[in-house]
Amino acid sequence: MAKPAEHAIEVENLTKRYGGLLAVNGISFKVRKGEVFAFLGPNGAGKTTTVEIIDMIRTPTSGKVRLLGMDVTKKKRAIVPRIGVLPQDFSSFDRITVRETMQYYSRLFSRANADIDGLIELVNLKDKAKEQYKNLSGGLKQRLGIAIALVNDPEVVFLDEPTTGLDPRARREVWEVLLGLKKKGKTLFLTTHYMEEAEILADTVAIISKGTIIATGSPAQLIENHTNYLVLTLQSVDANAFEILRKMGFEPVRDNHQDLKVRVEHPEDILKTLNAIKDVGGSFLSLDVRRPNLEEVFLKLTGEALHADPAEGGEVG
Amino acid sequence: MKLRVVNANLVVKLKTFYRERTAMFFTIAFPIILILVFGTIFLERDTLSLDLYIQDLDHTHASAQFVKALQINGNFKIIEVDPASDAREYAKNHRLNLILVIPKDFENLLNQRVDLKAPDASVILTYIYDPSSTSVKTKMEYLNMEFAGMNQRMSGKPPFYRCEETSILNRKYRFIEFFIPGVIAMAVMTASLFGTVNLNTELLQKGIIRKLSTTPITRTDWILSNILYQFALAIISTIAMLLVSYGVFHIDLHINLWLLVFLLLDVFAFVGIGMILTRFVQEAQSAAAAANAITFPMMFLAGSFFPIEMMPGFLQTFAGLLPLYYVNEGLRASMIFGDNMAALRYAAIIGVFAAVVFALGIIATRWEEGK
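In order, the protein sequences belong to chains A and B. Note that this note's numbering has the first sequence beginning at 97, numbered continuously upward. Note that this note's numbering has the second sequence beginning at 849, numbered continuously upward.
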């Protein structure tokens, strides 16, 4: 008897070419069963192309992809009933209600005993069960999309940018649902350009840029391996503090809230910085010292911003 | 092919149709309105009765008899014009296209002719008419025919040329009975083509096809469910049209298996064309415009509303190239004439066409995205 595969997904030297455009450039990675794996990268990096090849919406130009131990180009029929997919920009039939939509997809999977009520409850749509799809808000639609992706009780769930276009509250509601799935031990493959999403949800993050994976590891490992500084943020700081810090050899930047951010390599530099501001009679409302996040890791690795969401602030210089 | 999957799709499509009032209107109500409007207009033609204004300047027993003869034999509805008025002015003021004027000495001249006092005597009846009217010529031709008949009878000799009518049909059919099969064919064509184009472009644009491609449903299941859905709509719409036609116009048509055969072939042919169109025109608006470009000329040139014999020769040849023509003719052959051989011939032609475009449509339908 064949030994069950340890990895849910195995990708080897995967390439996808659209005419002259190389969308995915020979990438390789593995996703363990029960793991939450996030593909992090900006728009156009090759995230969706990769996930759509793995979940068999697209075909690869070259390379091998094994899903649940089977070749995706040859075993689609055997694989499809065992996976769930929330495609990018998910949409459904406008005039069909939430419950009817769930029933429809359960019939497609020949799941007569699908726990439709349980899934509707899982994504918190119980009071919207009789609502037609067209009347749902963006967040509710995404939650329905997730419930549909789970209707066949899949072993691997693919979620392509599950929170793009949602407001912060709706985004957090979706995260709650995904964290619930994580607790249930589902293998989740997630693509996102929100670093916070990857940090909160993922066990492993692969950073992708221009069709190539440039770093892989847990969020903590990536930060540990690719950054060696702390980020000091000063709120409501005096105008001349900016010049003082520049003269000290730092590279301060002001973010969208006019807070001053500066990278410091040694903890003692924090004290030096504060003293220098104090010496010229400067003041600030509050300060915050934290480790860098994935956004900053991405910036360091690629030299470009991951995501331009004004609500999430600017980059540290 | 999985029946459970096909059934699930069918249910979703029928529910969507039921909840979409615009689709309901164009599929069911619109053809019925067409039938009611055209049926009412042409009902008049079937029982033609023309208004005829007559100014009787003679006002004698003979002239009254003459008017009565016109009323009975010519099926005219007679309206008298005051002899004191100026007929030309009267016609102008009352926007009449024709007034027939009986001269003052009508009875006198008639008696002279009948009593052989003046065997060559004749009476001049005057047409006061509006040459810009499109229908006045028809009315004058009817009157001329009536007068020719009266002259012939007055000669006292039987006519030399006589005609006898032998219909190839068991009974005379009315225009509405010609019209109904054409509207059925046209309505099913429109619903099948637009239904397929609208559904496919909408689902492609919204990404629903992409989601479906990650489920066990296959392209065959999807296409089959679409065909069944369109066929179900065709049956519903046809039943509604026939019920109204029977109820309002008391039509007399043969309803048999051929009706189902032609509905199915109509659906296959135009769903096939719709699938091919969707492949090449994927924007919903452009696809709808392309579908219009196909259906609109076909409605008028394929003999849906009037016989193609009324069209110039080259257009009649062109009609023979249109698939809807064969559905129209096939439905008429079976529903009006009960001619099974003709129905079979038309069914074979549209059947081959439907098979070819449907096969091309299946090939053209994309299920997985870029290769």
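Note that CB positions come from ideal geometry on N, CA and C, so glycine has one too.
Identify the residues that DSSP records as bridge partners of residue i: which are they?
| i | result |
| --- | --- |
| aspartate 185/A | Note: aspartate 185/A sits in no beta bridge, so no partner. |
| serine 305/A | Thr308/A |
| aspartate 167/A | Arg162/A |
| glutamine 228/A | Thr193/A |
| arginine 350/A | Leu356/A |
| glycine 313/A | Val301/A |
| threonine 111/A | Asn121/A, Ser158/A |
| arginine 128/A | His103/A |
| valine 385/A | Leu328/A |
| valine 949/B | Gln903/B, Thr974/B |
| lysine 925/B | Asp899/B |
Considering Cα atoms alone, identify which of the options is closest to residue i.
| i | options | result |
| --- | --- | --- |
| alanine 316/A | Glu391/A, Tyr229/A, Lys237/A | Glu391/A |
| threonine 974/B | Gly1122/B, Ser1093/B, Asn1048/B, Gln903/B | Gln903/B |
| alanine 337/A | Arg386/A, Lys374/A, Lys230/A, Thr260/A | Lys374/A |
| isoleucine 192/A | Val107/A, Tyr229/A, Gly399/A | Tyr229/A |
| lysine 1059/B | Ile244/A, Arg342/A, Gln354/A | Ile244/A |
| alanine 302/A | Lys224/A, Met344/A, Leu397/A | Leu397/A |
| methionine 344/A | Thr329/A, Pro177/A, Asn371/A, Val333/A | Asn371/A |
| leucine 1052/B | Gln913/B, Val929/B, Gln1130/B | Gln1130/B |
| phenylalanine 1206/B | Leu1105/B, Asn999/B, Leu1125/B | Leu1125/B |
| valine 385/A | Arg207/A, Asp365/A, Ser233/A | Asp365/A |
| isoleucine 175/A | Pro250/A, Ala134/A, Gly281/A | Pro250/A |
| isoleucine 1065/B | Asp334/A, Glu293/A, Leu341/A, Pro177/A | Pro177/A |
| glycine 1199/B | Arg869/B, Phe1118/B, Leu1091/B | Phe1118/B |
| arginine 342/A | Gly234/A, Thr369/A, Leu381/A | Thr369/A |
| lysine 357/A | Val333/A, Val376/A, Leu318/A, Gly137/A | Val333/A |
| serine 1085/B | Phe865/B, Asn855/B, Val854/B, Ile1197/B | Phe865/B |
| leucine 1090/B | Leu1149/B, Ala1132/B, Gln1000/B, Phe1027/B | Phe1027/B |
| proline 1160/B | Lys952/B, Leu1149/B, Thr982/B | Leu1149/B |
| asparagine 1074/B | Thr888/B, Arg869/B, Ala1196/B, Phe1116/B | Phe1116/B |
| serine 206/A | Asn248/A, Ser158/A, Phe394/A, Arg154/A | Asn248/A |
| alanine 1080/B | Arg852/B, Leu900/B, Asn857/B | Asn857/B |
| methionine 1223/B | Arg1010/B, Gly1168/B, Ile1071/B | There is simply no residue 1223/B to check, as chain B begins at 849 and stops at 1219 in what is shown. |
Measure how close the beta-carbons of residue i and residue j come, nearest whole angstrom, since I'm counting them as under 8 Å.
| i | j | result |
| --- | --- | --- |
| leucine 1179/B | proline 1029/B | 4 Å |
| valine 270/A | glutamate 227/A | In fact, because the Cβ distance is near 18 Å, the residues do not count as touching under 8 Å. |
| valine 360/A | threonine 1062/B | Not quite, the Cβ-Cβ distance comes to about 48 Å (not below 8 Å), so this is no contact. |
| serine 1152/B | alanine 1033/B | 6 Å |
| threonine 329/A | aspartate 355/A | 5 Å |
| asparagine 945/B | tyrosine 990/B | Going by Cβ atoms, the distance from asparagine 945/B to tyrosine 990/B rounds to 13 Å, so no, they are not a contact pair. |
| isoleucine 105/A | valine 252/A | 7 Å |
| methionine 1037/B | threonine 875/B | Contact doesn't hold; Cβ gap of about 12 Å is too wide. |
| asparagine 1046/B | alanine 1136/B | 7 Å |
| histidine 289/A | glycine 137/A | 6 Å |
| leucine 905/B | proline 931/B | 5 Å |
| phenylalanine 954/B | serine 1003/B | That pair is no contact at about 19 Å. |
| glycine 307/A | valine 147/A | So it is not a contact: roughly 13 Å between Cβ atoms. |
Can you find the residues in the same chain that come closer than 6 Å, C-beta to C-beta, to residue i, ignoring five residues on each side of it along the sequence?
| i | result |
| --- | --- |
| leucine 898/B | Phe924, Lys987 |
| lysine 861/B | Tyr1077 |
| alanine 141/A | Ile304, Ser305 |
| valine 168/A | Met152, Val161 |
| lysine 126/A | His103, Glu106 |
| phenylalanine 1110/B | Val1175, Gly1178, Leu1179 |
Using a Cβ-Cβ cutoff of less than 7 Å, which residues in the same chain neighbour residue i once the five nearest sequence positions on both sides are dropped?
| i | result |
| --- | --- |
| glutamate 1025/B | Ile1099, Asp1100, Leu1101, Ile1184 |
| aspartate 151/A | Ile179, Val181, Phe254 |
| proline 406/A | Below a pLDDT of 50, predicted positions are generally treated as unreliable, and proline 406/A, at 36, falls in that range; the measurement from the model is reported next regardless. Result list for proline 406/A: Asn352, in chain order. |
| valine 412/A | The pLDDT assigned to valine 412/A is 33, lower than 50, so where the model puts this residue is not dependable, and the model offers no usable value. |
In chain order, what residues of the same chain have a beta carbon less than 8 Å from the beta carbon of residue i, not counting five sequence neighbours either side?
| i | result |
| --- | --- |
| glutamine 238/A | Leu182, Phe186, Pro258, Thr259, Leu262, Ala266, Val270 |
| tyrosine 325/A | Arg359, Val360, Glu361, Pro388 |
Residues of chain D with a CB under 8 Å from the CB of residue i: which are they?
| i | result |
| --- | --- |
| proline 177/A | Protein chains in the displayed structure are A and B, and chain D is not among them. |
The stretch 1134-1158 of chain B: positions lying closer than 9 Å to chain A by Cβ: none
Cβ-based contacts, 8 Å cut-off: residues of the stretch 1052-1073 of chain B near chain A: Residues of the stretch 1052-1073 of chain B with a Cβ closer than 8 Å to any Cβ of chain A, in chain order: Lys1054, Gly1055, Ile1056, Arg1058, Lys1059, Leu1060, Ser1061, Thr1062, Thr1063, Pro1064, Ile1065.
Against chain B: residues of the stretch 141-156 of chain A by CB proximity under 8 Å: Residues passing the 8 Å Cβ filter: Glu148, Asp151, Met152, Ile153, Arg154, Thr155.
Within 8 Å of chain B by C-beta, residues of the stretch 202-214 of chain A in sequence order: Arg203, Leu204, Phe205, Ser206
Chain B contacts from the stretch 297-323 of chain A (Cβ-Cβ distance under 7 Å): none
Residues within the stretch 1030-1046 of chain B neighbouring chain A, beta-carbon criterion of under 7 Å: The residues in question: there are none.
Against chain A: residues of the stretch 859-893 of chain B by CB proximity under 8 Å: Val859, Val860, Lys863, Thr864, Arg867, Glu868
Members of the stretch 1165-1184 of chain B that neighbour chain A once the beta carbon cut-off is set at 7 Å: none
Chain-ordered residues of the stretch 248-279 of chain A with a beta carbon less than 7 Å from chain B: none
Near-chain A residues of the stretch 970-991 of chain B (beta-carbon distance less than 7 Å), N- to C-terminal order: none
Proximal residues, the stretch 120-141 of chain A versus chain B, C-beta separation under 8 Å: Answer set for the stretch 120-141 of chain A: empty.
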